[in-house]
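Engineer: Quick note, my numbering runs 40 ahead of the 1-based positions in the sequence shown. By construction, the Cβ of each residue, glycine as well, lies at the ideal position given by its N, Cα and C atoms.
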Amino acid sequence: MSLIEINHLKKSFQGTEVIKGIDFQLRKGKCIALLGPNGAGKTTTLKMLSGLMEPTEGTIIFTDAKKGEDIRRLIGYLPQFPVFYEWMSGLEFLAYAGRLAGLGRKEAKERSLELLRLVGILDAKNRRVAKYSGGMKQRLGIAQALIHRPQLIMLDEPVSALDPIGRREVLDLLEGLKEETTILFSTHILNDAEEVCDEILFLHNGKIVESGTMEELRERHQQPKIDLFFKGKSGEFADIFSNHELTLSTNVEGNRVSVFVSNVVLARQAFLRLISEQNMPLERFEISSMTLEDVFMMVVGK
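1. Since I believe Leu140 is in contact with Leu156 (beta carbons under 8 Å), could you give me their beta-carbon distance rounded to a whole number of angstroms?
2. Identify, in the order they occur along the chain, each residue of the same chain with its Cβ nearer than 8 Å to the Cβ of Arg168, setting aside the five sequence neighbours on each side.
3. So if DSSP puts Phe300 in a beta bridge, which residue, or which two residues, is it bridged to?
4. Apply the 10 Å Cβ neighbour rule to Phe121 and answer buried if 16 or more other Cβ atoms are within range, or exposed otherwise.
5. Based on the DSSP output, what are the partners of Asn166 in its beta bridges?
6. Check this for me: beta carbons of Thr287 and Gly69, under 8 Å apart or not?
7. Opposite Gln65 in the DSSP bridges: which residues?
8. Rounded to whole angstroms, what's the CA-CA distance from Glu45 to Val301? Just pull it up for me.
9. Could you pull out every unbroken alpha helix (DSSP H) segment of at least 4 residues lying fully inside the stretch 98-145, listed in chain order?
10. Thinking just about the alpha-carbon of each residue, which of Glu293, Asn291, Glu285 is nearest to the one in Arg308?
11. So Ile327 and Val292 are supposed to be a Cβ contact under 8 Å. How far apart are they, rounded?
12. With distance defined between alpha-carbon atoms, name the residue in Tyr172, Lys218, Ala105 nearest to Gly206.
13. Report the CB separation of Val339 from Val249 in whole angstroms; it is logged as a contact under 8 Å.
14. Would you kindly work out how many angstroms separate the C-alpha atoms of His261 and Val335, rounded to a whole number?
15. Would you say Thr290 faces chain B, with C-beta separation under 8 Å as the test?
16. Taking the straight line between their C-alpha atoms, what separation do you get for Glu239 and Glu317?
17. Can you tell me which of the three DSSP states Ile205 falls into?
18. Ends of the beta strand (DSSP E) at Gly252?
19. If you run the structure through DSSP and keep just helix, strand and coil, what is Ile182?
20. Which whole-angstrom value is the C-beta distance of Phe281 and Phe311, which I expect to be below 8 Å?
21. Where Ile62 and Cys71 are concerned, what is the direct C-alpha to C-alpha distance, given to the nearest angstrom?
22. Would you be able to state if there are at least three C-beta pairs under 8 Å between the stretch 51-61 and the stretch 76-95?
23. Please go through the same chain and pick out, in chain order, the residues whose beta-carbon is closer than 6 Å to the beta-carbon of Phe102, but skip the five residues on each side of it.
24. Out of Lys106, Asn47, Thr84, Pro119, point me to the one whose CA is closest to Ile344's CA.
And the structure:
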């Protein structure tokens with residue numbers, strides 16, 4: 041069942057259209073990634089959905105909202121660069137956010153303690169926020185977004201500025217939060233989306249160019265893939281495989297050439313023979329399944 045329906049949403053700045061009539065739905069109890077490169081329009085989209093920015097055109101409908109109800113009550117939001125009162129303790133900050141959200145003093149404190157436990161920083165409840173690590177601050181920010189029990193929380197690039205440990209902490213938290221609420225988070229890091237999300241929305245140049253679960257995306261775009269790893273840079277060998285009759289497309293990254301083929305059995309035989317004949321410095325040969333990055337490159341390249 042859909043929680044929110046977005047219809048023909050547009051946003052223009054000084055005559056330039058940056059969001060170009062997007063349509064999608066968010067289903068209850070799911071973790072959805074809004075995925076796209078920098079400048080695709082992710083932050084603008086989240087700000088419109090959260091009520092922080094008026095759309096130029098289109099509608100945002102919460103299916104459970106009453107007519108005339110302020111939908112901001114149903115939403116929790118964490119911006120990409122959250123700001124805290126760092127002289128407060130974590131507990132004080134959350135209780136303050138709860139009071140701003142309309143909770144009574146006792147309820148705000150009880151809910152704050154509940155959320156600090158949920159996000160894994162209860163032991164630091166009396167520590168000043170200034171002493172929190174980056175990962176702890178993101179956890180506190182997520183707790184703030186949950187303080188009023190919203191139906192939907194939206195997180196703008198929640199792990200992009202974190203070190204590997206902080207990133208791991210937040211991704212694990214998002215995995216556990218699926219039972220608490222519906223999650224929509226933006227990211228340009230494809231591996232993060234692939235790891236924790238149930239559904240993906242690809243945003244490119246202000247348009248939703250593809251959407252679905254990982255299984256649906258792979259099924260629609262599935263092509264057999266052979267990964268060739270060479271000693272040194274692989275660019276000089278890429279053209280040889282790009283021009284092969286069994287090759288559909290190629291992607292080069294560092295010492296790897298990913299070759300999408302029409303027949304993986306024939307391609308395996310032909311490529312190994314070609315590598316041997318031309319004495320290429322091959323280090324590894326892999327037949328693998330498509331990743332989210334592969335799907336994204338195919339969709340964006342259309």
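Structural biologist: By the coordinates alone:
1. So it is not a contact: roughly 17 Å between Cβ atoms.
2. Glu126, Trp127, Met128, Ser129
3. Lys265, Ser289
4. exposed
5. Answer by DSSP bridge pairing: none, since Asn166 is not bridged.
6. no
7. Glu45
8. 38 Å
9. 130-140
10. Glu285
11. Their Cβ separation, rounded to whole angstroms, is 18 Å, which puts Ile327 and Val292 out of contact at 8 Å.
12. Tyr172
13. 5 Å
14. 7 Å
15. No chain B appears in this structure, which consists of one protein chain only.
16. 44 Å
17. helix
18. 247-252
19. helix
20. 7 Å
21. 19 Å
22. yes
23. Ile44, Ile111, Leu114
24. The chain is shown from 41 up to 342; residue 344 falls before or after that span and cannot be answered.
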